[in-house]
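Quick notes on the structure that follows.
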Amino acid sequence: MAADATPARVQSRGRRDPRGERRRAELLDAAIRLIGSHGLDAVTHRAVAAAAGVSPASTTYYFRSKDELIDEALHLVADREIARLRQHREALGDPGADVAAWATAIAAWLEEQLDGEGRNALLAQYHLQLEGARRPELAGVLRSWAMATHGLAQEALTLLGAPDPEAAALLLVCGIDGLRLEAVSTAGTALRGPALRALVERLLRSLVASA
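Using the numbering used here, the first residue of the sequence shown is number 14, and each one after it goes up by one.
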């Protein structure tokens, strides 16, 4: 999977030693949980500090503003998701043209995001991606994220023998994201297990067979 590095961002203030990095990570994790549970409006320095179990001064020490906190949260979510995609691809090994193997792996990745902490993290992703789309200065991180996702999709469809892997990859990414959004909604709670896997496999086979 080819992807450029996530674009560099302005470093937040605060100590840069291991203890400081741990505290910064704790605050960002707390912000991401808040965003997933209550949306971007819930993010304040005080609320993030409370969610992290630290004093309010800690958040302002590491992040100058709410925008900076949200920017860093988006970068962290993107970094983690790109890493997760790479890990899933490596764990899959060499499935070659086995549509069923690809469908099983994609469905398993989707199911991780549909309940519990995975669901909360997914909702945070959507909030942060929409915020990034509104702000030109965050276009780079969204571009890198998309390149990683589309790169993996194109690799899969190339191995599966799709006649136009690049175009099919775009359709696959959009189809998978649509399934994920449906599955995480109340109306889509039945999209789990065999039902979800069957839909993913059907989508893959249609893209491989398209002329």
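Ideal Cβ placement from N, Cα and C applies to all residues, glycine included.
Since the model is a prediction, treat every value here as computed from it, not as a measurement.
Item                                                                                                 : Value
Stretch pair the stretch 76–86 + the stretch 54–63: three plus CB contacts closer than 8 Å           : yes
Under the three-state DSSP convention, the category Ser219 falls into                                : helix
Residues near Leu89 by beta carbon distance below 6 Å, same chain, minus five either side            : Leu41
Uninterrupted alpha helix (DSSP H) stretches inside the stretch 129–182 (no shorter than 4 residues) : 129–147, 152–172
Distance, Ser68 Cα to Ala96 Cα                                                                       : 31 Å
Reduced DSSP category for Val67 - H, G, I as helix; E, B as strand; rest coil                        : coil
Proximity of Leu209 and Leu151 at Cβ, strictly below 8 Å                                             : no
N-terminal and C-terminal residue of the alpha helix (DSSP H) that Glu103 is part of                 : 79–105
C-beta contact flag for Glu39 and Ala65 at 8 Å                                                       : yes
As assigned by DSSP and simplified to three states, the class of Ala224                              : Because the pLDDT at Ala224 is just 48, under 50, the model does not fix this residue reliably, and the value given afterwards should be weighed accordingly. Three-state result, Ala224: coil.
Interface flag, Leu82 vs chain C, CB-CB below 8 Å                                                    : The structure shown contains no chain C; it is built from a single protein chain.
8 Å contact criterion, which Val221 and Ala116 should meet: CB distance rounded                      : That belief does not hold up - the Cβ atoms of Val221 and Ala116 are roughly 11 Å apart, past 8 Å.
Distance between His163 and Ser71 (C-alpha atoms, nearest Å)                                         : 38 Å
Rounded separation between Leu216 and Gly188 - CA only                                               : 8 Å
Reference Leu141, options Ala110, Pro108, Ala55, Gly33, closest by Cα                                : Ala55
Inter-residue spacing [alpha-carbon to alpha-carbon] between Val186 and Ala166                       : 7 Å
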